[in-house]
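The sequence shown begins at 1 in full-length UniProt numbering and counts up one residue at a time.
Here's the structure, in structure tokens; my notes come after.
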Amino acid sequence: KHLQERRQDGAAEGSARQQEMEKSRPLWDNPVQFVFACISYAVGLGNVWRFPYLCQMYGGGGFLIPYFIMLIVEGMPLLYMELAVGQRMRQGSIGAWKIISPYLCGVGVASVVVSFFLSMYYNVINAWAFWYLFHSFQDPLPWATCPLNSNRTGYEEECEKTSSTQYFWYRQTLNISPSLEVSGAVQWEQALCLTLAWLVVYLCILRGTESTGKVVYVTASLPYCVLIIYLIRGLTLHGAVNGLIYMFTPKLEQLSNPKTWISAATQIFFSLGLGFGSLIAFASYNEPSNNCERHAIIVSLINSATSIFASIVTFSIYGFKATFNYESCINKVILLLLNAFDLEEGSLTADNLNEMKDYLMATHPQEYAQLLPQLKNCSLEAELDTAVQGTGLAFIVYSEAIKNMEVSQLYSVLYFVMLLMLGIGSMLGNTAAILTPLTDSKVIATRFPKEVISGVVCFINCIIGLIFTMEAGNYWFDIFNDYAATLSLLLIVLVETIAVCYIYGLRRFEKDLHTMIGRKLNWYWKVMWAFASPLLIISLFIFYLTDYILTGTLQYQAWDGTQGQLVTKDYPGYALAVIGLLVASSTMCIPLGALVTFVRKRLKRERVSTVA
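Encoded structure:
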């Protein structure tokens, strides 16, 4: 009887403490502000630089078929689940999963660890965007032409072997080393830009939802304004239609390629930001009666529509770039033939180029054979087929297109401001995933004000992030980008889904949702949560593990300045150790959290039995 009374007193005390925390918890000013925060977080750089690449690689318009199927089967249900968990438990990721089951505290810790890794390297992109933005006010743009060599007798040899945009990125921005083994020094310009990027993030999160809630209106809406401007400009560019035809021409044969479906599922998964704990953190500041179902549908549809919209803009500019390069190639070949064979100007045009080549090869075989190594095989299709994603698309392809536009400085400023808004919006979600569990902790929150906690997190991330500003920093960036989150997030979301459906109980969760949104849960959500989504996540997990095993040696792309191109190299042993540590440090939090909870409960039970 004594033990039973103690348990009841403890439960009542815990319930009273939770109610007190809920009353004192800050809230969004209104539901619209919450939606803007989710859109600002979910709509990020992946919509601009990864989705167009996937369309290019996997069937053009045909890629939209598996993409929307995965949105319905995976994206929308999992987004709704995370928003509902955060809103119901009114805690960050650690506290929310601990309420569902004390043995699941490691799931929240894993989310925090992954978000910490992401914040470490993601803000470097904002630093690069600041760097390019500052240089966008120059006339001409610094990446428009190759710089002169030290003797001022010609252009830099490395730049002549590649292009002015690639040279500006790899040499003047990154000052990249030839391999991962050559670490080099910290680039002070990039370090200053990184410090500025973290200062901006700190000012945005300084007072929690009070400051973040105002910022998201800008970070969520401004990118759309810039995209609309770019859409109008892009559609009027010469050759834009070539890019749009390339994008919307469906290659249905790609639907039989398993990688097409895997890529669609992966894009949906990471584009919505599932598993990081950011969505749970944002939803925890909602009113308990907020309609999180409606908001999950709105956010997921807007995110997907933005990807398609950004792709239209990207492919119109991509078509302009490809057409410009193709016509420049044709003109060089024409000029070479005119000079070599003393042909009259106007006798050789793009229309009769192939006929004239055949004629010259037949009438002047020796001269033509000598000239052949200098003749380029110009192809518009080959230009359009060149697939680029990530930083290559954002900082090289777009920069090359911008430099050939009229009033290039204006479009450059607009573009890099847009990148900054997208990057900062995502960073607000990433930092919220770290800060919310910390401010929820009574031990930390009672000792330190919110501003100090935010400042310490930003400072630590900034100091560690200096690794990515070294000469080999871009290689470390790729390691973190490729391996810090992929497998970890799949495991985290899989455990989350199993926890909600089979530990907390789907019927119990259904009752909670009925209390919050005022109506019964649709059968669609229950089927997706209980069966479809977990099976899909398991399939993705198996695919990635199999791919890593079959690939064997992990490799990376290193910049060879002597050749002016990227070369493939194997990761050294210590890099493989870091990759393993990145994956293990987050995934191991889940079983370790359960083990620690079990040991604590066992010790507590033994103490109670001893007292009794």
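No residue lacks a Cβ here, since even glycine has one placed at the ideal position from N, Cα and C.
Exercise. Straight-line CA distance for Leu147 to Cys159?
Worked result: It should be pointed out that residue 147 corresponds to Pro in this sequence rather than to Leu. Computed Cα separation, rounded: 8 Å.
Open item on the list: Once the 5 residues before and after Leu477 are set aside, which same chain residues still bring their CB inside 7 Å of it?
Closed with: It should be pointed out that residue 477 corresponds to Phe in this sequence rather than to Leu. Excluding residues within five positions, the ones whose Cβ falls inside 7 Å are Tyr121, Val124, Phe468.
Coarse secondary structure for Val413, derived from DSSP in three states:
Val413: helix per DSSP, three-state reduction.
Requested in this report: Report the rounded CA-to-CA distance for Phe270 versus Ser115, giving the unit in angstroms.
Outcome: In a straight line, the C-alpha of Phe270 is about 13 Å away from that of Ser115.
(message) Which residue wins for smallest C-alpha separation from Ile312, given the options Glu287, Leu554, Leu244, Asn339?
(response) Leu244
Next on the checklist: Residues in the same chain with beta-carbon distance under 8 Å from Asn242, minus the five sequence neighbours each way, listed in chain order, please.
Outcome noted: Gly319, Ala322, Thr323, Leu380, Leu384
Requested in this report: Measure from the alpha carbon of Met81 to the alpha carbon of each residue in Gly95, Val611, Leu274, then state which is nearest.
Outcome: Leu274
Report yes or no: do the region 64-72 and the region 402-421 share at least 3 C-beta pairs separated by less than 8 Å? no
For Ser15 and Ile99, I'd like the C-alpha separation in whole angstroms. Note on Ser15: pLDDT 48, under 50, position unreliable in the model; no value is reported.
- Would you say Phe51 and Ala310 are within 8 Å of each other, going by their C-beta atoms? Their beta carbons are under 8 Å apart, which means Phe51 touches Ala310 by this criterion.
Within its chain, find whatever has a CB closer than 7 Å to the CB of Leu536; leave out the 5 residues flanking it on each side and keep chain order. Val73, Glu74, Ala265
task = Please report the Cβ distance between Ser101 and Pro437, rounded to the nearest whole angstrom; I am assuming they are in contact, meaning their Cβ atoms lie under 8 Å.
result = Ser101 to Pro437, Cβ: 16 Å. No contact.
- Task: Look at the Cβ atom of Leu235, then the Cβ atom of Cys462, and state whether they are nearer than 8 Å.
- Result: no
By DSSP's criteria, Leu148 is part of a beta bridge. Which residues make up the other side? Tyr155
- Task: Would you give the residue range spanned by the alpha helix (DSSP H) that Asp358 belongs to?
- Result: 353-363
In terms of residues, what are the limits of the alpha helix (DSSP H) holding Trp49? 45-49
Which whole-angstrom value is the C-beta distance of Tyr544 and Leu582, which I expect to be below 8 Å? That belief does not hold up - the Cβ atoms of Tyr544 and Leu582 are roughly 14 Å apart, past 8 Å.
(message) Let's test the definition: count the other Cβ atoms within 10 Å of the Cβ of Thr260 and tell me whether it reaches 16, buried, or not, exposed.
(response) buried
Q) By how many angstroms is the C-alpha of Tyr53 removed from the C-alpha of Gly61? A) 12 Å
Thinking Ile280 and Gly86 are a contact (beta carbons under 8 Å), I'd like their distance in whole angstroms, please. 4 Å
_Whole-angstrom C-beta distance between Gly106 and Ala594, which should lie under 8 Å_ = 6 Å
- prompt: What residues in its chain sit with their C-beta under 7 Å from that of Ile539, if we drop five residues either side in the sequence?
  reply: Going by the sequence as given, residue 539 is Ser instead of Ile. Nothing listed; no residue qualifies.
(Q) Let's test the definition: count the other Cβ atoms within 10 Å of the Cβ of Phe459 and tell me whether it reaches 16, buried, or not, exposed. (A) exposed
Note the first and the last residue of the continuous beta strand (DSSP E) segment covering Leu569.
Residue identity check: residue 569 is Lys in the sequence provided, not Leu. From DSSP, the beta strand (DSSP E) with Lys569 extends over 565-570.
message = Is it buried or exposed, Pro140, if we count other Cβ atoms within 10 angstroms and call 16 or more buried?
response = exposed
- Task: Would you grab the beta carbon distance between Lys569 and Ala577 for me? Rounded to a whole angstrom, and I think it's under 8 Å.
- Result: Here Lys569 is actually not in contact with Ala577; their C-beta atoms are around 17 Å apart, not less than 8 Å.
So what does DSSP say about Ala472, is it helix, strand or coil?
coil
Exercise. Take Ala240 as the anchor and find which of Leu45, Ala401, Tyr202, Gly423 has the nearest alpha-carbon.
Key: Ala401
Contacts around Leu489, its chain only, beta-carbon distance under 8 Å, and the 5 residues preceding and following it disregarded = Val114, Phe269, Phe270, Leu274, Gly275, Phe276
What are the partner residues of Val186, as DSSP defines its beta bridges? As a beta-bridge residue in DSSP terms, Val186 pairs with Met470.
Start and end of the beta strand (DSSP E) containing Tyr41?
First-last for Tyr41: 31-42, but that is the alpha helix (DSSP H), not the beta strand (DSSP E).
Could you give the DSSP three-state label for Trp169: helix, strand or coil?
helix
Val611 burial status per 10 Å Cβ neighbour count (16 or more: buried): By the neighbour-count rule (16 or more Cβ atoms within 10 Å), Val611 is not buried but exposed.
Between the C-alpha atoms of Asn354 and Cys378, what's the straight-line distance to the nearest angstrom? 11 Å
Return the CA-CA distance between Leu252 and Gln267, expressed in angstroms with no decimal places.
19 Å
From which residue to which residue does the alpha helix (DSSP H) around Tyr80 run? 76-89
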